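Data first, discussion second: the structure below is written as structure tokens.
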Amino acid sequence: METSEILKKVRKIEIKARGLSSNIFAGQYHSAFKGRGMAFSEVREYQFGDDVRDIDWNVTARFHRPFVKVFEEERELTVMLMIDVSGSLDFGTRNQMKREMVTEMAATLAFSAIQNNDKIGVIFFSDRIEKYIPPKKGKKHVLYIIREVLDFQPESKKTDVSQAFEFLGQVMKRKCTAFVMSDFYDRKPFDKPLQVCRSKHDLMAIQVYDPIMKTLPDVGILRVRDAETGHEMYIDTSSKALRTAHAKFWLERSANLKQTFAKTSVDFVSVATDGDYVKSLRQMFAMRGS
Numbered sequence: 234m235e236t237s238e239i240l241k242k243v244r245k246i247e248i249k250a251r252g253l254s255s256n257i258f259a260g261q262y263h264s265a266f267k268g269r270g271m272a273f274s275e276v277r278e279y280q281f282g283d284d285v286r287d288i289d290w291n292v293t294a295r296f297h298r299p300f301v302k303v304f305e306e307e308r309e310l311t312v313m314l315m316i317d318v319s320g321s322l323d324f325g326t327r328n329q330m331k332r333e334m335v336t337e338m339a340a341t342l343a344f345s346a347i348q349n350n351d352k353i354g355v356i357f358f359s360d361r362i363e364k365y366i367p368p369k370k371g372k373k374h375v376l377y378i379i380r381e382v383l384d385f386q387p388e389s390k391k392t393d394v395s396q397a398f399e400f401l402g403q404v405m406k407r408k409c410t411a412f413v414m415s416d417f418y419d420r421k422p423f424d425k426p427l428q429v430c431r432s433k434h435d436l437m438a439i440q441v442y443d444p445i446m447k448t449l450p451d452v453g454i455l456r457v458r459d460a461e462t463g464h465e466m467y468i469d470t471s472s473k474a475l476r477t478a479h480a481k482f483w484l485e486r487s488a489n490l491k492q493t494f495a496k497t498s499v500d501f502v503s504v505a506t507d508g509d510y511v512k513s514l515r516q517m518f519a520m521r522g523s
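Reading the sequence shown from the start, the letters are residues 234 to 523 in this note's numbering.
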């Protein structure tokens, strides 16, 4: 992709994402992600009803009357975007490709983060860690992230979600908030790395899928190609048995995915490429902010 074309796309996505993060997500992002914890602010004299565990014994001894520590919420967050850049994301039969939707969501979350003075970083992954962008603040950094998402060329087309979770645990020593964006087209289970990662960090999972994966259309003989392995084959979509088996496979895969995230208390939403990802993100924010 030429530089001028990339800049035009960055600008277009920036305008849309900033509008969404300013108008639609105003307040929801802040209430959904409340910061790392409580930070010490000051001391004051003990009042009836105060928790005795908050007494500052050094100050109390100095003034011969009880003082308590006052804490306030630490607002600043470190937000990590874990973005699947495997070959299966370069697919779309409706409004847009999966990768395009992931790019828009990533940009919207990134602008929401910097509007709340949070740091934002990115992990690009396939079946390996393709690139790591350390967390920073500021609009310039977000535009760099968007440009990278648009023009990034991975070395591998395959998927290994476990690698992403393990890497996050290695590079982020302090607790962060991480959004995993993928179609989760992974042939291997990732339950254990997910569980370890969830014990340290606040995780959310966003599945992006194409409608054809859910319902196979009756269009006769169709040539299909696995974007990750390159394997090609012809299928007869006029076969009701084939379409039924395809739908069953999708339902079972979806149920397993939901169960995987439910077991580790990871918030999960699924959005189709012809769907409304804004609605899905708001739904996720609303659940966390309630």
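C-beta atoms are modelled at their ideal positions from N, C-alpha and C, and glycine is treated no differently. These numbers come from a predicted model, not from an experiment.
Which class does Q386 belong to by DSSP, given the choice of helix, strand or coil?
Residue mapping note: residue 386 aligns to position 153 of the sequence shown, counting from 1. DSSP places Q386 in coil when its eight states are reduced to three.
Taking one C-beta from the region 443-453 and one from the region 480-489 each time, how about it: are there three or more such pairs within less than 8 Å?
yes
Find the nearest neighbour of I200 within the set L427, D507, Q348, L342, judged by alpha-carbon distance.
Shown here, the chain extends from 234 to 523; a query on residue 200 therefore has no answer.
With a 10 Å radius around its C-beta and 16 neighbouring C-beta atoms as the bar for buried, classify A519 as buried or exposed.
Residue numbering aside, residue 519 sits at position 286 when the sequence shown is read from its first letter. A519 should be labelled exposed.
Compare the C-beta of K352 with all C-beta atoms of chain C and state if any pair is closer than 7 Å.
Among the chains in the structure shown there is no chain C, since it carries only a single protein chain.
Is it a yes or a no for the region 427-442 touching the region 499-509, going by three-plus beta-carbon pairs under 8 Å?
yes
Buried or exposed, going by whether 16 or more other CB atoms sit within 10 Å of the CB of T336?
As a first step, residue 336 is located in the sequence shown; it is residue number 103 there, counting from the start. Per the 10 Å Cβ criterion, buried.
Where G268 and N349 are concerned, what is the direct C-alpha to C-alpha distance, given to the nearest angstrom?
In the sequence shown, the residue the question calls residue 268 occupies position 35. In the sequence shown, the residue the question calls residue 349 occupies position 116. In this predicted model, G268 has a pLDDT of only 49, less than 50, meaning its place in the structure is not dependable enough to derive any value.
Inter-residue CB distance, P422 and S319 (contact presumed, cutoff 8 Å):
The sequence position of residue 422 within the sequence shown is 189, counting from 1. The sequence position of residue 319 within the sequence shown is 86, counting from 1. Actually they are not in contact, since the Cβ atoms of P422 and S319 sit about 17 Å apart, beyond 8 Å.
Compute the Euclidean distance between the alpha carbons of C208 and Y418, then round it to the nearest angstrom.
The requested residue 208 is not part of the displayed model; the chain covers only 234 to 523.
Straight-line CA distance for K512 to V452?
On the sequence shown, position 279 is the one that residue 512 refers to. On the sequence shown, position 219 is the one that residue 452 refers to. Between K512 and V452, the C-alpha separation is close to 31 Å.
Count Cβ pairs between the region 371-380 and the region 279-298 that sit closer than 8 Å; are there 3 or more?
no
Could you tell me which residues DSSP pairs with Q440 in its beta bridges?
Taking the sequence shown and counting its residues from 1, one reaches residue 440 at position 207. BP columns for Q440 point to S415, S503.
DSSP state of Y510, grouped into three classes?
One-based indexing of the sequence shown puts residue 510 at position 277. Y510 falls in the helix class under three-state DSSP.
L253, DSSP secondary structure in three states:
Position 20 of the sequence shown holds residue 253. Residue state, collapsed to three classes: helix.
Y365 by DSSP, collapsed to three states: which one?
By 1-based counting over the sequence shown, the position of residue 365 is 132. In the structure shown, Y365 sits in a strand (DSSP, three-state: E or B).
Counting only the same chain and skipping the five closest in sequence on each side, list residues whose C-beta sits under 7 Å from that of M466.
One-based indexing of the sequence shown puts residue 466 at position 233. Excluding positions up to five away in sequence, the list reads V457.
Beta-carbon separation (whole angstroms), M313 vs I356, contact threshold 8 Å:
For the purposes of this step, residue 313 is taken as the residue at position 80 of the sequence shown. For the purposes of this step, residue 356 is taken as the residue at position 123 of the sequence shown. The pair is a contact, with the Cβ atoms about 6 Å apart (cut-off 8 Å).
Report all residues from its chain with a CB closer than 7 Å to the CB of F470; omit the five preceding and five following residues, and keep chain order.
The residue you call residue 470 lines up with position 237 of the sequence shown. Strictly speaking, residue 470 in this sequence is Thr, with Phe absent from that position. Cβ neighbours of T470 beyond the five flanking positions: L449, P450, D451, V452, G453, L455, R476.
Starting from the C-beta of A250, find all residues in its chain whose C-beta is less than 7 Å away, skip the five residues before and the five after it, and write them out in chain order.
On the sequence shown, residue 250 is found 17 positions in, with the first residue counted as 1. The residues are E337, A340, T341, F344.
For R332, is the classification buried or exposed, using 16 other Cβ atoms within 10 angstroms of its Cβ as the cut-off for buried?
Along the sequence shown, read from residue 1 onward, the residue named residue 332 stands at position 99. So R332 counts as buried.
With C-beta atoms as the reference, is K352 less than 7 Å away from K369?
As a position in the sequence shown, residue 352 is number 119, starting the count at 1. As a position in the sequence shown, residue 369 is number 136, starting the count at 1. Cβ atoms of K352 and K369: closer than 7 Å.
Between the Cα of S254 and the Cα atoms of K373, A346, F385, which residue gives the shortest distance?
Here residue 254 refers to the residue found at position 21 of the sequence shown. Of the listed residues, the one whose Cα sits closest to S254 is A346.
Would you list the residues sitting across from L401 in a DSSP beta bridge?
On the sequence shown, position 168 is the one that residue 401 refers to. DSSP output for L401 lists no bridge partner at all.
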